[in-house]
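Note sheet for the following structure.
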Amino acid sequence: MAKFHPEIDLLTEYSAGTLPLAQAACVSAHLNYCAQCHRSIEQLEDVGAALFDGLQAEAVGEAQLDAVLARLDDAPPLRYAKPEHREVGRTPGILQRLMSGQYTDLAWKKVTKSLSISYLKTGDPDFEFALYHIKAGGRIPEHTHHGSEMTLILEGGFSDADGSYHQGDFLFRQPSDVHAPTALQSEDCICLAVLDAPLKFTGWKYRWMNPFLRLRAG
Amino acid sequence: MVESNEGNGWSGGSGRRTDEWSECLTLIAANEDRAAFTRLFRHFAPLIKAFALSGSNMSATHADELVQETLLKVWQKAGAFNPEKAAASTWVYTIARNCRTDMFRRLQKFDTPLSADDVTPEQESEEPFSQLQSRRRRERVREMMKELPPDQAQILAKVYMEGKSHAEAAGELDLPLGTVKSRVRLALQKLQIQVESYSYG
Chain W
75 MAKFHPEIDL LTEYSAGTLP LAQAACVSAH LNYCAQCHRS IEQLEDVGAA
125 LFDGLQAEAV GEAQLDAVLA RLDDAPPLRY AKPEHREVGR TPGILQRLMS
175 GQYTDLAWKK VTKSLSISYL KTGDPDFEFA LYHIKAGGRI PEHTHHGSEM
225 TLILEGGFSD ADGSYHQGDF LFRQPSDVHA PTALQSEDCI CLAVLDAPLK
275 FTGWKYRWMN PFLRLRAG
Chain V
751 MVESNEGNGW SGGSGRRTDE WSECLTLIAA NEDRAAFTRL FRHFAPLIKA
801 FALSGSNMSA THADELVQET LLKVWQKAGA FNPEKAAAST WVYTIARNCR
851 TDMFRRLQKF DTPLSADDVT PEQESEEPFS QLQSRRRRER VREMMKELPP
901 DQAQILAKVY MEGKSHAEAA GELDLPLGTV KSRVRLALQK LQIQVESYSY
951 G
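Sequence lines, in order, name chains W and V.
Using the working numbering, read the first sequence as starting at 75 and increasing by one per residue.
Using the working numbering, read the second sequence as starting at 751 and increasing by one per residue.
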């Protein structure tokens, strides 16, 4: 069960539909692992619905009703199979949609000996949406951010100076937090990172790479 | 002109009305019942139009389009509605919310493989929470909503009805972002929304 969750501001914006697409996709993937946040979202949607029910009604012409009735035949009610039970640990549906395959089928770009990155296209022009693969025991060079970094652990786990994180854990780092995550020794780690500005390596050994780490949004 | 049965004001405390809309959805799913659909339309179309026009950044033409799109989707998806796991009004609201998001992205020529339904699907309770329990919770939210201080109610309306991000709300109200966030938090606390406290950030 996930231990680290999006804070209430993010859940609120997610439930109101105002979170940017890439960030909303990351929160949605967290819900795949987290029954508590799932419940919170239901309650927040009830808040939206209560406001919705209380709106001052706007008159709608009878012609509108006729127009919709005329379109019903072209759009028959869909048949739904019994919904499959959500399995914890399964790859989040939203990522399956974006990847069309398994993690292993993706094009991985090797950045360091233990870190590879695969970029996914969400269409959000302001955020990079990428999967990071860190080899067991491998370390991401110490880095900081110009912007925010949302991270969700999909497989394995990693630790940094502040703690250790496992499948389903959700982290939201603010600009200028410096950290150097290390994958757990036991298995490789795959995580999703959503950034609005490129990473910036701080150690001398990797600083030369910074100019190559431009943001790949879209 | 079609008027909402309820007009403004909160729809009763008994939850009976909610059940009426659940029944309509069930009838649509079972028999493609047009009379049930018409009842739903007369109740929800004026609310959806109000939702579209709140924040007034949508033209009247687009508002009418949103009404049609949302109700067509309600018709098509009625079979996915499970009265034991969701409330009809919440379900319709989330469909309207998603249709609006998709419409805005379409108007902005956003090129994305994801629809709002992929990103914010209609939620279904995991556990078979008793219907009674969920209904009580919703009634409590509606009751407490009336007790909120105006500044908190105003922010919630901006966020949920006008579809403004916290940052946009702060800009419009000329308030610091931190103030907007704390008003939202205070409001949600009063409504007794439960959120996991162990979070990072």
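Every residue, glycine too, gets a C-beta built ideally from N, C-alpha and C.
- Task: For W:Val252, count neighbouring Cβ atoms within 10 angstroms of its own Cβ and tell me buried if that reaches 16, exposed if not.
- Result: exposed
**Message:** Strictly under 8 Å for the Cβ-Cβ distance: is V:Trp825 near chain W by that measure?
**Reply:** yes
Between which two residues does the alpha helix (DSSP H) carrying W:Cys100 extend?
Leu95 to Leu105
(request) Compare the C-alpha of W:Leu129 against each of V:Glu918, V:Arg885 and V:Ser839 and name the closest. (result) V:Ser839
- Message: What does the Cβ neighbour count give for W:Asp120, buried or exposed, with the cut at 16 atoms within 10 Å?
- Response: buried
Collapsed DSSP secondary structure at V:Val752 in the structure displayed: Any reading at V:Val752 must be qualified, since the residue scores a pLDDT of 49, below 50, and its modelled position is unreliable; the value itself is stated next. It is a strand residue.
Given that a residue counts as buried once 16 or more other Cβ atoms are within 10 Å of its Cβ, and exposed if not, what is W:Ala267? It is buried - the Cβ of W:Ala267 has at least 16 other Cβ atoms within 10 Å.
- Using a Cβ-Cβ distance under 8 Å, would V:Met940 count as near chain W? Just to set this straight, residue 940 of chain V is Lys in the shown sequence, not Met. V:Lys940 does not count as touching chain W.
>> Under DSSP, the beta strand (DSSP E) around W:Ala267 begins and ends at which residues?
In response: Cys263 to Leu269
So who's on the other strand from W:Phe275, going by DSSP bridges?
-> BP columns for W:Phe275 point to W:His217.
Here's a check: name, in chain order, each residue in its chain whose Cβ is nearer than 7 Å to the Cβ of W:Asp243, leaving out the five neighbours to either side.
Cβ within range, chain order: Ala76, Lys77, Phe78 and Ile227.
- Is V:Met894 helix, strand or coil when you go by DSSP? Helix.
I'd like to know whether the C-beta of W:Phe203 is nearer than 8 Å to at least one C-beta of chain V.
Output row for W:Phe203: interface = no.
Can you tell me where the beta strand (DSSP E) with V:Arg933 in it begins and where it stops?
-> Taken as a continuous stretch (DSSP letters only), V:Arg933 belongs to no beta strand (DSSP E), being part of the alpha helix (DSSP H) at Leu927 to Lys940.
Cβ of V:Pro863 within 8 Å of any chain W Cβ:
yes
Determine which residues of the segment 832-866 of chain V have a Cβ less than 9 Å from any Cβ of chain W, and write them out in chain order.
Asn832, Ala836, Ala837, Ser839, Thr840, Trp841, Val842, Tyr843, Thr844, Ala846, Arg847, Asn848, Arg850, Thr851, Arg855, Phe860, Asp861, Thr862, Pro863, Leu864 and Ala866
Which value, in whole angstroms, describes the spacing of the CA atoms of V:Thr929 and V:Ala920? 8 Å
**Nearest-angstrom Cα separation, counted from W:Leu194 out to W:Ile264** = 14 Å
Beta-carbon of W:Tyr88 versus every beta-carbon of chain V: anything under 8 Å?
yes
Going by Cα to Cα distance, which pick from W:Tyr206, W:Ala181 and W:Ala235 is closest to W:Leu273? W:Tyr206
Hey, V:Leu870 and W:Tyr107: beta-carbon distance below 8 Å or not?
Sequence check: residue 870 of chain V is Thr here, not Leu. Result no, Cβ atoms of V:Thr870 and W:Tyr107 do not sit closer than 8 Å.
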